[in-house]
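In this note's numbering, the protein residues as written are 58 to 231.
Let me begin by presenting the structure, written as structure tokens, before commenting on it.
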């Protein structure tokens with residue numbers, strides 16, 4: 058088992074995608090100056106099958122565990138990846154993302170940013186089955202398996218703007 062640097066970002070529902078994109082564009086030059094290249098700021102809707110598959114490259118989705126998802130529950134298509142009716146968990150697919158994708162010298166991409174998820178999952182008839190617990194806010198969880206201080210500097214930019222909800226650095230001794 059290796060060490061990781063975990064971070065969770067959140068922004069209120071009142072923030073628009075354009076405001077979050079503007080924030081990420083202010084971070085972009087600093088990230089380039091740190092030696093990351095290429096760097097991309099992306100503001101995208103995940104409203105088609107192809108776009109949802111692209112979202113899967115950016116995030117694993119929001120993990121939802123619920124007793125209401127156990128047993129025979131048929132969810133509307135395009136909301137989740139990997140619904141497990143035995144354990145009642147799944148990965149909720151984001152509806153929209155505003156992200157900063159950075160690439161290091163080895164070609165490894167890391168994503169920082171915000172995703173908006175549905176407030177509830179629906180059945181085939183469009184009825185709400187279970188709340189995701191996210192509401193309308195923006196959120197994102199990720200980690201890197203690296204002691205590289207540049208990642209911490211990027212997360213600090215998010216913290217300075219008030220977007221860091223949680224952070225845990227296993228590379229730092231307690």
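Positions of the beta carbon are idealized from the N, C-alpha and C atoms, including for glycine.
Item to check | Rounded straight-line distance, which links the Cα of residue 70 to that of residue 232 | outcome: Nothing can be reported for residue 232: it is not among the residues displayed for the chain, which extend from 58 to 231.
Item to check | Expected contact under 8 Å - CB spacing of residue 98 and residue 76 to nearest Å | outcome: Not quite, the Cβ-Cβ distance comes to about 13 Å (not below 8 Å), so this is no contact.
Checklist entry - Around the C-beta of residue 182, are 16 or more other C-beta atoms found within 10 angstroms, so that it is buried, or is it exposed? => result exposed
Checklist entry - Whose CA, out of 217, 139 and 81, lies closest to the CA of residue 113? => result Looking at the Cα atoms, 139 is the closest of the given residues.
Checklist entry - What are the partner residues of residue 122, as DSSP defines its beta bridges? => result 146
Checklist entry - Rounded to whole angstroms, how far is the Cβ of residue 214 from the Cβ of residue 87, which I believe are closer than 8 Å? => result Taking a contact as a CB-CB distance under 8 Å, the pair residue 214 and residue 87 counts as one, their CB atoms being some 7 Å apart.
Checklist entry - Pick from 199, 59 and 206: whose alpha carbon is nearest that of residue 158? => result 199
Next on the checklist: Using only the alpha-carbon positions, how far apart do residue 218 and residue 174 sit?
Outcome noted: 22 Å
Checklist entry - Do the region 161-170 and the region 187-194 make contact, defined as three or more Cβ pairs closer than 8 Å? => result no
Checklist entry - In terms of alpha-carbon separation, which member of 126, 160 and 102 lies closest to residue 150? => result 102
Next on the checklist: Tell me which residues share the same chain as residue 100 and place their Cβ nearer than 6 Å to its Cβ, disregarding the 5 neighbours each side in the sequence.
Outcome noted: 74, 78 and 155
Item to check | Given residue 126 as reference, the closest of 206, 133, 230 and 187 once Cα atoms are compared | outcome: 187
Next on the checklist: Applying the 10 Å Cβ sphere with the 16-neighbour rule, what's the burial state of residue 165?
Outcome noted: exposed
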